[in-house]
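**Student:** Sequences listed follow chains C, H, X and E, in order. Residue numbers for the first sequence follow UniProt numbering, beginning at 1 and rising by one. Residue numbers for the second sequence follow UniProt numbering, beginning at 1 and rising by one. Residue numbers for the third sequence follow UniProt numbering, beginning at 1 and rising by one. Residue numbers for the fourth sequence follow UniProt numbering, beginning at 1 and rising by one. Please find one structure pasted underneath; my questions will follow.
There are 4 protein chains.
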Amino acid sequence: MSQRPLNVGMIGGGGGAFIVQPHQRSIHFDGTRRVTCAALHPDPKVAKQEAEAWEYPLVGYESYDQMIEEESKKPVGERIDYALIVTPNHVHFDPAIKCVKAGIPVFCEKPLTLNLDEAKQLVAAVEEHKVPFCVSHTYLGHWTSRFARFIVTSGLIGDVRFVDSRYLQGWLAERTEDTGSVQAEWRVDPKKSGASLCGGDIGTHALMQLRYVTGLDVTRVQANLETFVQGRVLDDHFTTYCELSNGGKALVRATQIAIGHKNDLGIEVNGSKGTLSWRQEFPEELTICLPGQPDRTYFRASVTANDGFLGDLPEDLMAEPNIPAGHPEAFHDAFARLHRCFEQDVRAYNDGKPFDCDGSKYANVYDGLIGMQFIDAAVRSNKENGAWVDM
Amino acid sequence: MSQRPLNVGMIGGGGGAFIVQPHQRSIHFDGTRRVTCAALHPDPKVAKQEAEAWEYPLVGYESYDQMIEEESKKPVGERIDYALIVTPNHVHFDPAIKCVKAGIPVFCEKPLTLNLDEAKQLVAAVEEHKVPFCVSHTYLGHWTSRFARFIVTSGLIGDVRFVDSRYLQGWLAERTEDTGSVQAEWRVDPKKSGASLCGGDIGTHALMQLRYVTGLDVTRVQANLETFVQGRVLDDHFTTYCELSNGGKALVRATQIAIGHKNDLGIEVNGSKGTLSWRQEFPEELTICLPGQPDRTYFRASVTANDGFLGDLPEDLMAEPNIPAGHPEAFHDAFARLHRCFEQDVRAYNDGKPFDCDGSKYANVYDGLIGMQFIDAAVRSNKENGAWVDM
Amino acid sequence: MSQRPLNVGMIGGGGGAFIVQPHQRSIHFDGTRRVTCAALHPDPKVAKQEAEAWEYPLVGYESYDQMIEEESKKPVGERIDYALIVTPNHVHFDPAIKCVKAGIPVFCEKPLTLNLDEAKQLVAAVEEHKVPFCVSHTYLGHWTSRFARFIVTSGLIGDVRFVDSRYLQGWLAERTEDTGSVQAEWRVDPKKSGASLCGGDIGTHALMQLRYVTGLDVTRVQANLETFVQGRVLDDHFTTYCELSNGGKALVRATQIAIGHKNDLGIEVNGSKGTLSWRQEFPEELTICLPGQPDRTYFRASVTANDGFLGDLPEDLMAEPNIPAGHPEAFHDAFARLHRCFEQDVRAYNDGKPFDCDGSKYANVYDGLIGMQFIDAAVRSNKENGAWVDM
Amino acid sequence: MSQRPLNVGMIGGGGGAFIVQPHQRSIHFDGTRRVTCAALHPDPKVAKQEAEAWEYPLVGYESYDQMIEEESKKPVGERIDYALIVTPNHVHFDPAIKCVKAGIPVFCEKPLTLNLDEAKQLVAAVEEHKVPFCVSHTYLGHWTSRFARFIVTSGLIGDVRFVDSRYLQGWLAERTEDTGSVQAEWRVDPKKSGASLCGGDIGTHALMQLRYVTGLDVTRVQANLETFVQGRVLDDHFTTYCELSNGGKALVRATQIAIGHKNDLGIEVNGSKGTLSWRQEFPEELTICLPGQPDRTYFRASVTANDGFLGDLPEDLMAEPNIPAGHPEAFHDAFARLHRCFEQDVRAYNDGKPFDCDGSKYANVYDGLIGMQFIDAAVRSNKENGAWVDM
C-alpha cells in the first residue's frame, strides 16, 4: 500500500522571500510530501491574500498562532505533519517553540534563533516534548557531504590536522540594502539578524559543514569581524581561527563582500594521510589527495567500494535515491534529501516509534544551539581584539 | 484564486526504470502538477501491483489502452491533463498516437519513435488533432540553453561557421548488457532501440542541442557508425560531419564507450565574431570568447543586460523562475522547466486558447521527426562508407 | 671533465619571426648548447645587419649556403654541431638537404617540406648520409607526452578504440593576413605554405601527437577542408576521420577560426580499459579514467610506480631532468627537452658512435615524411568530397 | 653591436640542490647572461670536484671568499657581473654582504637572511655601496603578477578591502627530513632555517606577492604557528591575520602539510569594485570579477587595452618579451624575467648610470628586510597566543 503524503504547514514565505521556493519544491519533489497550509505573512490580511493567490491551492492562516491552534485540533492524517519555518531570524524562536510545545515537528531555517538564550530554551523544549526537529543546513543534504563525512570519520585520511571551511559571497559588497532588496534589508538589521550578520547568516554553515564532515567540535575561537561597507552596524566579513576537539586547528570564515563569489561554500580537510576537498557549487565532485598518488576525483553515483582507497561503503550511503552520474544533482536535490530524511523521522514519530534525529542525516536542534554558541564566542573574541575565547 | 494542479498519467516507469524518477520529481516540483495515475508495466498484473506499492498514492491501470479509455471519459479537471510516455523506444509510437487521437496532450521520451515512418504518422496525427506535444529533450530546459539560443540566434557571435556538438558517455564500454542492466539490455536490441543505438539514444540530443542553440538545420550528413564492443549489432560510437542550412559545418557526434565521460553533452559554436561553449555537466555556466577580450564566463542568475557584449535581454528569459546564482540548478531543474512550460500550453489547450508548442521552450513533434530523419540519414551514409547523404 | 657546449647555427629567424625565440632560449637553457652563428634572412645585407644587432654576439652569414660552406671547413669543436632551420615552409627543403649532404645534423621546423616529393628526397638523403635529424614537433617534449606514450603503448588502458586528437586556434578567424602579421602572411600563401594551411601548420601536430602517444599509424583518411574566411585560397579548418593501424578510429582535426582557443592541442584516447586525456595548455597534467574508479589526475614530478594503476616506470622516464611538481614546466621546457635529447644524438654522432633518432624522444625525418603523406591524403580526400583515401 | 653576455658567479648550488637548476637555466635563457664560475660547496675540495664535473665548463673556486677576492681583481668584462647566492638560509648573509662591499651586484635567494639583525646590516651595506640587489621572489617574474599589480595599484578594482594570500604545499606532511631529502633536512633545522620554517620558507613569498600586487604594506599581525608533524622544532603550518597600511585586512598563510598541494601560491584581492584572483600553478591566467559582469579570465599575451575594464596599458607591460598566448610560460620563464630585469640594472651599474632596483620588477633588499620583519613579528605574536603585534 502506498503511504499517504505528509502534510506540511509553512510559517513565513510570503512577500517574495527566496528561501521558501527551494523548500516547497523539495517538499513536493518525491510526491510523498505536500504543502497544505501556510501563515505567509505577519500581517493577517496579507497572509490571507497571498494564500489565496498562491501558485497552487493551500489553506491560508492569518498567523502562525492560528495555524498551530487549528491544526493541532485535527487528527493525524488531516493535520500538518510538520511545520516549516522560513521567517527572518528574529521570528524563528517563537513559532518554533510553540510548535514544539504543540507536538508538531519543526523544520527550521538557520540560524536557529536570534540569540543564545533563545536557543537554549528551544533545546530544552525539544528535549521535553521529544519532537523531530531539523535545522535547515542545506549543504549536509548533498550526497557528497555524506560521502565526505564517511571518508573523514572512518579515518581514511588519517588524523585531522587542519580544516579550511569557508563560505564566500559577494552580494553585499555594495549597499545592497539600499536597493530595495528584501533579503538584504532585514539581514543588516541587528534586531532581525542577531549579533552577527555574516557569521550568523553563512558562517554557521561553514561551521556546520566542518562539524558534519569531520565529526569534530570547535573548542576555542579567535575571531575578527569586519564591516567593510560603510554605514553598516554588523559584520560583512568574518574570520575565525579555531581549535578543534582533537587538538587540530581550523579556519572557519565567511564573507559577503568578495565580489565574484556567488555562494561559495567549500571545505578542505588536511589529514595526516591525505586531503579531502569539496565545494558546494560543484556538489557532484569530491577530491582526495594522497601522497604518491594522482589526485582522485570522485563523482556522485560512480563510486565503488575497495577501489584502492575506499574500503567497504555503508549500505545506506550507497542506497540513497540516486540519478546516474553525470545527471547532476544540485541545490534542490540537497534540500529534498533533507526533507526526505526528516520525513522518515516524522513518520516514525507519527507512529509512536523511535526516531533518529541524531545529526547524521540533517542538523538537529543541538547543531542549531552549537551554531549560536559559535557566533556568541566569535562576537566575544572580536570585542577582545581577537583573543582566544572558549566556546 | 490558485489554479488547480494539473493531473498527469504515466505510461511506463515500472520495473526500475531510471528516467521515470526525474520526470515525476519534475512534475511535482512546483506544486502545480501531480501524477495521478499510471500504466506502469506491459504486464497488467505487474502494472497493478507496482501501482499499489508506488511511493505515493496513484490510480494503477492495467494498460495504457485502459488508461486512455477511462481517463478520456472523465471531465476536464478530473481526467489527466497530459500523458507522460517513459517506455522503451519501440513503445513510444502506439501510446503516443492513441493519446493524440483521444485529444490528450503528450510528453514523450526521445527518440520520438522506432523509425521514420512512425514519426511521420505521429506528426500527421498531431497536426490533425492539434494537441500540445513535447519530446523530452531535457537539456533544452537549462536556463543556459535558452541563454545560448538567445546569444547565437540574435547574431551576437556573428555567422555560425562551425559547431561541435557531442554527447560522450562511457557506460557501454564493456558488455554492460550482460550484467543485468535493464537500461542496457533493451538499448542494444534493434527491435526495441531502432536502427541506431548510440545515435538514437544520445546522438539525437546532440543534434537537438545544435538546432536549438543555433536555430539552424542540418541539410546533409557524412556518418561513420562504429561498434567497438564485440557481440553488439548496433553502433556504440557515432560520428557525423554535417552541412548546416546557412552553409556552415558541424560535427555531431556521440559515444558510449568513452570511459570516464559520464553524461557529457556539450556544444561549442564558432561564429565569425566569437565562440560560445557550454556543457550540461556544468549547466550553470556558459562561456563566450571574443577577439581581444578576456574569456567571459556567465553564470545563471547573475547575467545583466548591456554588459559590453549582451544587449537588452528578453523579458521572458530574465523572468524565468530562478534561484540565486551559486545555488546551482541541475538535471531536475531542467526537467522541471520543460514540464512547467508544457503546463502553460496544456492549460491554454484546456481553456480552448491558442498555445505555442513552437519549439522555443521545449522540443515538439517536428523536432522529434527531424531527430528520426537525422538517424535515418546517418544510417544510410554509414552504409555507403560515409558518403554525403541528404536529410 | 665538463663537456664543451655544442655549437648551433641558425637558418632563418630574422625579421621578427616568433619561433626563433623559443628555439634559441631552449638551446641556451642547459648551458650545454649555444647559438654561435646564423643566416638570419634571405637578403644577405639584412642577414648581416640583423646578426650585428642580435641580442648576443653571433657570427652572421650572408646566406645559409655560405654558412654551410664555411662551417663545413672547420674542425669539429669549432664548427657548428647542428643547424636549426626556422624558415617558412618553402625554405625547409633546400637548406635541410644541403646540411644533410654536408654531414651537418639538422633540427628542422615542421612541416618537413613544402610537398611530398621533397620529403621523400630528404628521407633518402638522411638514410644515405646518416646524420641525426629532428623535426620540431614541440609537444612531444613535454614529460607528460612521454608519460602518455608509456601508458598507452604498454597497454595500461587496453586496446585503443578511438582517438580524438585536435589542435584548435582562433588567430586566423579574421583576415589577420591583412593586418601586417608576418606570421599570417606567408602561411596563407600556397607557394610558401604548401597544399594545406591549417592541416600543414597544426594538423600535422595533432597527427604526430596521436602517433607518438599511441604508437599507431593512420592507414586511411576521410577529410573535409574548409575555408571560412573569405578571400583565402587554403583551408583554415581541417577535419579528418581516420582508420588506425590496429583497426581503431580517430578524429584528427585542426582549426584556426575557433575564436578563444589560443593554442589548444589536446588528445583523448579511449581504450578498452580506460581513457587518457591531455592538453598542451595544461602540460603538467594528465588524466586517466578507469571504470569504477575516481578520475586520476597525474602531475609531472609527483608520479610514483605501482600506485594501483601504473606498474613499474621506465628509468629514463623518471630520470628526465626535472623540477619539483607545482613548479610548472611549459612551452620552453618542452622545446628544451627536444634539444637536450637531440644533443645526445649529436654528441654520439660527433664521436662516431651509434645514435638513436628513433622517434622515441623527438620526431625524426620519417615522422616528417608521414606528416607530409597525411596532408597529401587529406587534400586528395577533400577533392573527392571526403571519400576514404589510403595513406 | 651585440652586447657582451654578462658573467655570473654562483655561490652554492652543489650537492644536488634543486634551486640552482632553474637559476642557471634562467641565466642562460636569453643568451645574454652566462654562468662563468662558482663556489659550489662549503668543502673546498668538493667545490672544486663538482665544478670539474659540472655539465658545462665553469671556473671552480674553493670558496666564495676566494671567488669574491679573485673576481674583484679582474676588470669589468672579465670578472663576474653579479653573484647568485643559492645556499641554505644561514649562508645568505655572509657572502651577500661581502659581495656588496666588494661592489658586486647580488641576486640572493630568499629569505634574505637568517634573522632580522643580519637583514638590517645588509640593507645598510647596500645603501652604502649602492649595488643592484635582487631577492629571488620568483613569482613576481610572471607577466600576470605584473599585470595584477597594474590592475590593483591603478585602482581598477577599487579600494583593497581584503586579501587572501596563501602558499600551500604538502611535501612535509610526513617526516620527509628522515628520508634523505637534502631539501627537507636543512629546512627543519632552526640554525640553518631561522626562527620559522614554513613562514620563512614560503610565507615570505605569500607576503611578497600581497605587497607586490597591492602596493600595500602589512602594519600589524596576529599569528598562529603550528607544528603538526611530531619531532619538529619549527612550524610546518603558518597563519596570520594582518592589518594593511590602507586599513584593509588580510590572511597571509602558508602550510607544508596540506597533502595534494604541490606549490600552490595564490592570491585573491577583494576590492570595493571587484575581485582579482591568481594562482602560480596556472600562471598564464588571471581572473577579474566585477558586479553585474561575467567572470573575466585574462590570458598572458592576449590582453588588449580598453576592453571595457582595462584602460590604456603601460607600454613596458605590453612590450615585455613574449611568446604568443597558449604557448604557456611557467616557472623558468618567471625566473628568466627576474634575471633579465636584473641584467638591465647591472648593465647600467657597470656603465656608471643610475639604475632602478625599486621593487617594481623584482624584489630588492628592502623587500627582503620586510620579509624578515614579518617573520619576526609573526613569531612574536605566536608566542603571545596570537595577540596583535606591530611590524
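Every residue gets a Cβ at the ideal spot worked out from N, C-alpha and C, and that includes glycine. All of these numbers come straight from a predicted model, not from anything done at the bench.
Compare the C-alpha of E/Thr389 against each of E/Glu62, E/Ala38, E/Thr219 and name the closest.
**Tutor:** Counted from its first residue, the fourth sequence places residue 389 of chain E at position 389. One point to set straight first is that residue 389 of chain E is Val, not Thr, in the sequence displayed. That would be E/Thr219, whose Cα lies nearest to the Cα of E/Val389.
**Student:** Listing by chain order, which chain C residues have their CB less than 9 Å from the CB of E/Gln222?
**Tutor:** For the purposes of this step, residue 222 of chain E is taken as the residue at position 222 of the fourth sequence. Chain C residues near E/Gln222: Gln222, Asn224, Tyr241, Asn385, Gly386.
**Student:** So what does DSSP say about X/Val229, is it helix, strand or coil?
**Tutor:** Translated into positions along the third sequence, residue 229 of chain X becomes position 229. X/Val229: coil per DSSP, three-state reduction.
**Student:** Can you pull the chain X residues whose beta carbon is under 8 Å from the beta carbon of H/Pro291, in chain order?
**Tutor:** Here residue 291 of chain H refers to the residue found at position 291 when the second sequence is read from its first residue. Within chain X, the residues near H/Pro291 are Gly170, Ala173, Glu174, Ile259.
**Student:** Taking 6 Å as the limit between beta carbons, can you name the residues of its chain near E/Glu268, skipping five residues before and five after?
**Tutor:** As a first step, residue 268 of chain E is located in the fourth sequence; it is residue number 268 there, counting from the start. Counting only Cβ-Cβ distances below 6 Å, and skipping sequence neighbours, we find Asp164, Ser277.
**Student:** Any residues in the segment 306-325 of chain E with a beta carbon nearer than 7 Å to a beta carbon of chain H? Which ones, in chain order?
**Tutor:** Correct list: Asp307, Gly308.
**Student:** Give a yes or no on whether 8 Å exceeds the smallest Cβ distance from E/Pro294 to chain H.
**Tutor:** Locating residue 294 of chain E in the fourth sequence gives position 294, counting from the first residue. At least one chain H Cβ lies under 8 Å of E/Pro294.
**Student:** Quick check on the DSSP output: the beta strand (DSSP E) that includes H/Gly266 runs from which residue to which?
**Tutor:** As a working mapping, residue 266 of chain H is identified with position 266 in the second sequence. Counting along the chain, the beta strand (DSSP E) containing H/Gly266 begins and ends at 264-271.
**Student:** To which residues of the same chain is residue 392 of chain H closer than 6 Å at the C-beta, ignoring the five residues directly before and after it?
**Tutor:** With chain H covering 1 to 391 only, the question about residue 392 of chain H has no answer from this structure.
**Student:** Can you list, in chain order, the residues of its chain with a C-beta nearer than 7 Å to that of H/Asn350? Leave out the 5 residues immediately preceding and following it.
**Tutor:** The residue you call residue 350 of chain H lines up with position 350 of the second sequence. If we look at H/Asn350 and ignore the five residues flanking it on each side, its Cβ neighbours are Val76, Asp81.
**Student:** I'd like the list of long-range same chain contacts for C/Phe29, defined as Cβ closer than 6 Å, with 5 residues on each side in sequence excluded.
**Tutor:** What you label residue 29 of chain C is simply residue 29 of the first sequence in a count that begins at 1. Excluding positions up to five away in sequence, the list reads Ala336.
**Student:** Taking C-beta pairs closer than 9 Å, name the residues in chain H that E/Thr144 reaches, listed in chain order.
**Tutor:** Here residue 144 of chain E refers to the residue found at position 144 of the fourth sequence. In chain order: nothing, as chain H lies at least about 12 Å away.
**Student:** I'd like the span of the beta strand (DSSP E) that includes E/Val379, first residue to last.
**Tutor:** On the fourth sequence, position 379 is the one that residue 379 of chain E refers to. Careful: E/Val379 lies outside any beta strand (DSSP E), inside the alpha helix (DSSP H) at 365-383.
**Student:** Touch check for the segment 211-226 of chain X and the segment 374-382 of chain X: three-plus C-beta pairs under 8 Å?
**Tutor:** Because the criterion of three Cβ pairs below 8 Å is met, the segment 211-226 of chain X and the segment 374-382 of chain X touch.
**Student:** Do C/Asp178 and C/Arg187 come within 8 Å of each other at the CB atom, strictly closer than that value?
**Tutor:** Locating residue 187 of chain C in the first sequence gives position 187, where the first residue counts as 1. Locating residue 178 of chain C in the first sequence gives position 178, where the first residue counts as 1. The answer is no: Cβ separation not under 8 Å.
**Student:** Decide if the segment 229-245 of chain C is in contact with the segment 291-309 of chain H; the criterion is three or more beta carbon pairs, one per stretch, under 8 Å apart.
**Tutor:** No, they do not touch.
**Student:** Below 8 Å on the Cβ atoms is my guess for C/Val252 versus C/Ala206; work out the distance and round it to an integer in Å.
**Tutor:** Reading the first sequence from its first residue, position 252 is the one you call residue 252 of chain C. Reading the first sequence from its first residue, position 206 is the one you call residue 206 of chain C. The Cβ separation is near 5 Å, so the contact holds.
**Student:** Taking 8 Å as the CB-CB limit, is X/Trp278 close to chain E?
**Tutor:** Taking the first residue of the third sequence as 1, we reach residue 278 of chain X at position 278. Chain E, which has no Cβ nearer than 8 Å to the Cβ of X/Trp278, makes this no.
**Student:** With DSSP run on the structure shown, which of helix, strand or coil describes C/Ala53?
**Tutor:** Here residue 53 of chain C refers to the residue found at position 53 when the first sequence is read from its first residue. DSSP places C/Ala53 in coil when its eight states are reduced to three.
**Student:** I'd like the span of the alpha helix (DSSP H) that includes X/Trp143, first residue to last.
**Tutor:** Numbered from 1 along the third sequence, position 143 holds the residue referred to as residue 143 of chain X. Counting along the chain, the alpha helix (DSSP H) containing X/Trp143 begins and ends at 143-153.
**Student:** Taking 7 Å as the cut-off, is the CB of X/Lys98 close to at least one heavy atom of the ligand PLP?
**Tutor:** Among the ligands in the structure shown, none appear at all, so the ligand PLP cannot be discussed.
**Student:** Quick check on C/Glu128: does DSSP put it in helix, strand or coil?
**Tutor:** Taking the first sequence and counting its residues from 1, one reaches residue 128 of chain C at position 128. Correct three-state label for C/Glu128: helix.
**Student:** Scan the segment 10-76 of chain H and note each continuous alpha helix (DSSP H) run of 4 residues or more that stays entirely inside, going in chain order.
**Tutor:** Correct list: 20-28, 44-52, 64-73.
**Student:** As an exercise, report each continuous beta strand (DSSP E) stretch of at least 3 residues that is fully enclosed by the segment 309-356 of chain C, in chain order.
**Tutor:** As far as the segment 309-356 of chain C is concerned, it has no whole beta strand (DSSP E) run of at least 3 residues.
**Student:** Examine the Cβ distances between the segment 134-144 of chain H and the segment 103-113 of chain H and report whether three or more of them are shorter than 8 Å.
**Tutor:** They touch, by the three-pair rule.
**Student:** Spell out the partners DSSP gives E/Asp390 in its beta bridges.
**Tutor:** On the fourth sequence, position 390 is the one that residue 390 of chain E refers to. E/Asp390 is bridged to E/Arg220.
**Student:** So, X/Gly260 versus H/Cys99, is the Cβ gap smaller than 8 Å?
**Tutor:** Working through the third sequence from its first residue, we reach residue 260 of chain X at position 260. Working through the second sequence from its first residue, we reach residue 99 of chain H at position 99. Not closer than 8 Å, so no.
**Student:** Could you give the DSSP three-state label for H/Arg161: helix, strand or coil?
**Tutor:** On the second sequence, residue 161 of chain H is found 161 positions in, with the first residue counted as 1. H/Arg161: strand per DSSP, three-state reduction.
**Student:** Three-state secondary structure (DSSP) at X/Asp295?
**Tutor:** In the third sequence, counting from the first residue as 1, residue 295 of chain X sits at position 295. Three-state result, X/Asp295: strand.
**Student:** Can you tell which of E/Val213, E/Thr87, E/Leu114 has the C-alpha that lies nearest to the C-alpha of E/Gln373?
**Tutor:** Taking the fourth sequence and counting its residues from 1, the one referred to as residue 373 of chain E is at position 373. Of the listed residues, the one whose Cα sits closest to E/Gln373 is E/Leu114.
**Student:** Would you call the segment 309-318 of chain H and the segment 326-340 of chain H touching, i.e. three or more CB-CB distances under 8 Å?
**Tutor:** Cβ pair count under 8 Å is below three, so no.
**Student:** Taking the Cβ atom as the reference point for each residue, do X/Pro324 and E/Phe18 lie within a distance shorter than 8 Å?
**Tutor:** One-based indexing of the third sequence puts residue 324 of chain X at position 324. One-based indexing of the fourth sequence puts residue 18 of chain E at position 18. Their beta carbons are under 8 Å apart, which means X/Pro324 touches E/Phe18 by this criterion.
**Student:** Would you say E/Ala330 lies against chain D (beta-carbon separation less than 8 Å)?
**Tutor:** Absence of chain D from the displayed structure is noted, the protein chains being C, H, X and E.
**Student:** Could you name the residues of the segment 12-37 of chain H whose beta carbon sits closer than 8 Å to any beta carbon of chain C, in the order they occur along the chain?
**Tutor:** Cβ contacts with chain C: Phe18, Gln21, Pro22, Gln24, Arg25, His28, Phe29, Asp30, Gly31, Thr32, Arg34, Val35.
**Student:** For the candidate residues X/Leu210, X/Cys198, X/Arg211, whose alpha-carbon lies nearest to that of X/Arg232?
**Tutor:** By 1-based counting over the third sequence, the position of residue 232 of chain X is 232. Checking every option, the nearest Cα to that of X/Arg232 belongs to X/Cys198.
**Student:** For H/Gly308, is the classification buried or exposed, using 16 other Cβ atoms within 10 angstroms of its Cβ as the cut-off for buried?
**Tutor:** Start at 1 with the first residue of the second sequence, and residue 308 of chain H comes out as number 308. Per the 10 Å Cβ criterion, exposed.
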